Amino acid sequence: MTKLKKAVGGYTEQSRWRHSSCSELSLDGLKAAKQYIIENLDKGFIVLSASPYACPFLMAKKPSGGLRFCVYFRKLNTITKKDCYPLPLLDEVLQRTS
């Protein structure tokens, strides 16, 4: 295990991070993952990151026969700082402003 310290950001002061192994992808899964990533980068839904943390992903089969991009965020969630002040509900904000 490596011990990582993050001074600024949403991570705990001393975060322990284990190596996450990647799941094996079939050739179809690899093509679908590459296509998904390129499309979403072009649309601006995802951005490149220089973060020292990364999460494994896999391509799950949909009932219709297609493939779904799935990411395991469990390990990242364990080291992420919890927000004591959750975002307000949109309905409540709209009621207060009107």
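At position 16 of the sequence shown the residue is numbered 52 (the working numbering), and the sequence of numbers has no breaks.
Idealized CB from N, CA, C, for every residue including glycine.
Everything numeric in this text was worked out from a predicted model, so none of it was measured.
Three-state secondary structure assigned by DSSP to residue i
{"i": "residue 130", "result": "helix"}
{"i": "residue 61", "result": "coil"}
{"i": "residue 125", "result": "coil"}
{"i": "residue 77", "result": "helix"}
{"i": "residue 84", "result": "coil"}
{"i": "residue 90", "result": "coil"}
Range covered by the beta strand (DSSP E) that runs through residue i
{"i": "residue 94", "result": "93 to 97"}
{"i": "residue 105", "result": "103 to 107"}
Check whether residue i and residue j have beta carbons under 8 Å apart
{"i": "residue 96", "j": "residue 106", "result": "yes"}
{"i": "residue 111", "j": "residue 56", "result": "yes"}
{"i": "residue 63", "j": "residue 69", "result": "no"}
Cβ-based neighbour list, residue i, same chain, cut-off 7 Å, excluding 5 preceding and 5 following
{"i": "residue 59", "result": "92, 94"}
{"i": "residue 44", "result": "Only weak support exists for where residue 44 lies, its pLDDT of 44 falling under 50; the coordinates are left without a value."}
Buried or exposed by the 16-neighbour rule on C-beta atoms within 10 Å, applied to residue i
{"i": "residue 103", "result": "buried"}
Enclosing alpha helix (DSSP H) for residue i [first to last residue]
{"i": "residue 116", "result": "Element bounds for residue 116: n/a, residue is neither H nor E."}
6 Å Cβ shell around residue i - same chain, five flanking residues per side excluded
{"i": "residue 108", "result": "91, 92"}
{"i": "residue 72", "result": "105"}
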